[in-house]
Amino acid sequence: MIETGRPVAHVAAEIGVGEAVLGRWVRLQREASSAGDTGVVLDADERAELERLRRENAELRLDREFLKKAAAFFVSEQHR
Numbered sequence: 008m009i010e011t012g013r014p015v016a017h018v019a020a021e022i023g024v025g026e027a028v029l030g031r032w033v034r035l036q037r038e039a040s041s042a043g044d045t046g047v048v049l050d051a052d053e054r055a056e057l058e059r060l061r062r063e064n065a066e067l068r069l070d071r072e073f074l075k076k077a078a079a080f081f082v083s084e085q086h087r
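Printed below as a string of structure tokens:
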């Protein structure tokens, strides 16, 4: 299914499990595959927090770069 693209309903009927169960297995497998080698699967809340923290981290990096440049500017102005 994941590789062949066959419908969940067809495969579920063939192997004798419910569509919802098989759909959940497929979703979990896809999430695990997207997690990379760590095998860590994040739930929706954890994924949202991770995205929020990544955005915050990017903002803080920009702030730090700005402050480094500002500090260098003021040091050079002080020595004039």
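Using this note's numbering, the first residue of the sequence shown is number 8, and each one after it goes up by one.
Beta carbons are placed, not taken as given, at the ideal position from N, Cα and C, and that holds for glycine.
- First and last residue of the alpha helix (DSSP H) that includes I22? One-based indexing of the sequence shown puts residue 22 at position 15. Taken as a continuous stretch (DSSP letters only), the alpha helix (DSSP H) holding I22 covers V15 to I22.
- Query: Grouping DSSP H, G and I as helix and E and B as strand, with all else coil, what is E53?
  - Reply: Working through the sequence shown from its first residue, we reach residue 53 at position 46. Assigned with DSSP and collapsed to three states, E53 falls in helix.
- Out of curiosity, what's the CA-to-CA distance linking R54 and E10? For the purposes of this step, residue 54 is taken as residue 47 along the sequence shown, with counting starting at 1. For the purposes of this step, residue 10 is taken as residue 3 along the sequence shown, with counting starting at 1. R54 and E10: Cα-Cα distance of roughly 25 angstroms.
- Three-state secondary structure (DSSP) of R87: Along the sequence shown, one-based indexing puts residue 87 at 80. R87: coil per DSSP, three-state reduction.
- Item | Neighbourhood of R68 by C-beta, 8 angstroms cutoff - its chain only, sequence neighbours within 5 removed | Along the sequence shown, one-based indexing puts residue 68 at 61. Cβ within range, chain order: n/a, list empty.
- CB contact flag (V47, V33, <8 angstroms): To locate residue 47, count along the sequence shown from 1; it is residue 40. To locate residue 33, count along the sequence shown from 1; it is residue 26. The answer is no: Cβ separation not under 8 angstroms.
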